[in-house]
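Participant: Got a structure for you, questions after.
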């Protein structure tokens, strides 16, 4: 008799508190997300050390780390490999690997050891249909209050788009600061979306305003400072 066993994958949701954990990393122990209060965090997983796609991703993140730090955002990586494997891999990246215009790249952000898969399971990074022993390429954007604001998942075979990760971070920070939304393919410096009016009077005022450009009562945009 065949028995169908259905695996339930825990998936944190946007708007929820980021699951808490303590972990050993290549930069010492961390208490997550408490150690990062007041900062944005990009928590991301990769399938395994000493794999080529992951190597290109870590080199790219390391190269862009200052850009993310300047946006009040810290990077935290994770895989289900052990600490010594992490250290050996990161040393190999610095000493031997060249990719595009990158070489002698030193990864300075923490990489979590997660041999037990405890953290990966808390964040739904293990997708049994893809692999039961490796974390997929998950990305969690966590805001300064420890709330999950966005989640992006990639399969094992697909390297991440880092321009999009940075764009998404800036867009969310801009939306928070100005109480607006951002349109498709928005880039800093472009017009933003003004939320729909909640009353006829507000809609009329917007249509007549010089600061807001409206195609119709529900579709209005405005410009913001480039910075």
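Residue numbers (my numbering): 2 to 228.
For each residue, glycine too, the CB sits at the ideal point set by N, CA and C.
Across which residues does DSSP place residue 55 in a beta bridge pair?
Facilitator: The partner list for residue 55 (beta bridge, DSSP) is empty, contrary to what the question assumes.
Participant: Nearest CA to the CA of residue 219: which residue from 24, 73, 206, 44?
Facilitator: Taking only the C-alpha atoms, the option nearest residue 219 is 206.
Participant: Among residues of its own chain, excluding the 5 on either side of residue 114, which ones have a beta-carbon nearer than 6 Å to its beta-carbon?
Facilitator: Taken in chain order, the residues that qualify are 25, 83, 84.
Participant: Is it a yes or a no for the segment 67 to 74 touching the segment 161 to 175, going by three-plus beta-carbon pairs under 8 Å?
Facilitator: yes
Participant: Rounded to a whole number of angstroms, what is the C-alpha to C-alpha distance between residue 100 and residue 57?
Facilitator: 7 Å
Participant: Could you give the first and the last residue of the continuous alpha helix (DSSP H) run that contains residue 90?
Facilitator: 84 to 97
Participant: Going by DSSP, name the residue or residues bridged to residue 19.
Facilitator: Checking the DSSP bridge columns, you'll see residue 19 has no partner listed.
Participant: Does the beta-carbon of residue 136 have 16 or more other beta-carbons within 10 angstroms, so that it is buried, or is it exposed?
Facilitator: With 16 or more other Cβ atoms within 10 Å, it is buried.
Participant: State whether the segment 32 to 47 contacts the segment 145 to 156, with contact taken as three or more CB pairs (one from each stretch) at a distance under 8 Å.
Facilitator: yes
Participant: Within this structure, are the beta carbons of residue 140 and residue 127 separated by less than 8 Å?
Facilitator: For the 8 Å CB-CB criterion, residue 140 and residue 127 do not form a contact.
Participant: Quick check on the DSSP output: the alpha helix (DSSP H) that includes residue 1 runs from which residue to which?
Facilitator: In the structure as shown, the chain begins at 2 and stops at 228. Residue 1 is therefore absent and cannot be evaluated.
Participant: Report back the beta-carbon spacing between residue 59 and residue 94 to the nearest angstrom; my notes put them in contact at under 8 Å.
Facilitator: 6 Å
Participant: Is it buried or exposed, residue 5, if we count other Cβ atoms within 10 angstroms and call 16 or more buried?
Facilitator: Confidence at residue 5 is low in this model, with a pLDDT of 48, below 50, so the placement of that residue is unreliable and no value is reported for it.
Participant: Work out the CA separation of residue 63 and residue 107 for me, nearest whole Å.
Facilitator: 7 Å
Participant: Cα separation between residue 198 and residue 192?
Facilitator: 18 Å
Participant: Could you tell me which residues DSSP pairs with residue 69 in its beta bridges?
Facilitator: Per DSSP, none; premise fails for residue 69.
Participant: Among all the DSSP beta bridges, which residues are the ones paired with residue 80?
Facilitator: Answer is 114.
Participant: To the nearest angstrom, how far is it from the Cα of residue 125 to the Cα of residue 210?
Facilitator: Taking the straight line joining both Cα atoms gives about 46 Å.
Participant: What did DSSP end up calling residue 36 once you bin it into helix, strand or coil?
Facilitator: helix
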